[in-house]
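When you line the sequence shown up against the working numbering, it's residues 939 to 1031, in that order. Virtual Cβ for every residue (Gly too), placed ideally from N, Cα, C. For clarity, every value in this text was computed on a predicted model and none was experimentally measured. A short worksheet on the structure shown next.
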Amino acid sequence: MHKILTYLSEVKTELKNISWPNKDTLIQLTVVVIFISVAISAILGGADYLLTRSFAFITSTKSNQVQQIIEPEPIQINPSIMPTIPLPTNVKK
């Protein structure tokens, strides 16, 4: 418990050493942060929109090339040449 109280006392001392900005500076910096956040959001949103529309355009265009489908000829099987397996004749029942 003593270590916790010592820590909190040191934190209080350090907080007194901080130089806090005045109200006008705080408002100015807040406006700058909000403006930069909105600007970056608009840039990223615009880039996302353009890339999405470009990809949709590219994938929706039809090619002038005709793809030729080659179907393989069916394999003819002659049952007379099928290999046969001889059944054992000496099986006891």
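Spatial distance of residue i from residue j (CA atoms)
i: Y945; j: E952; result: 11 Å
i: G1035; j: I1007; result: This structure gives no information on residue 1035, because the portion of the chain shown stretches from 939 to 1031.
i: T997; j: I981; result: 24 Å
i: V949; j: I965; result: 27 Å
i: N1016; j: N1028; result: 31 Å
i: K941; j: W958; result: 28 Å
i: S947; j: V976; result: 40 Å
Run of the alpha helix (DSSP H) containing residue i, from where it starts to where it stops
i: E952; result: 940 to 955
i: E1008; result: Reading off the sequence, residue 1008 comes out as Ile, not Glu. No alpha helix (DSSP H) contains I1008, which DSSP labels as neither H nor E.
i: T968; result: 961 to 998
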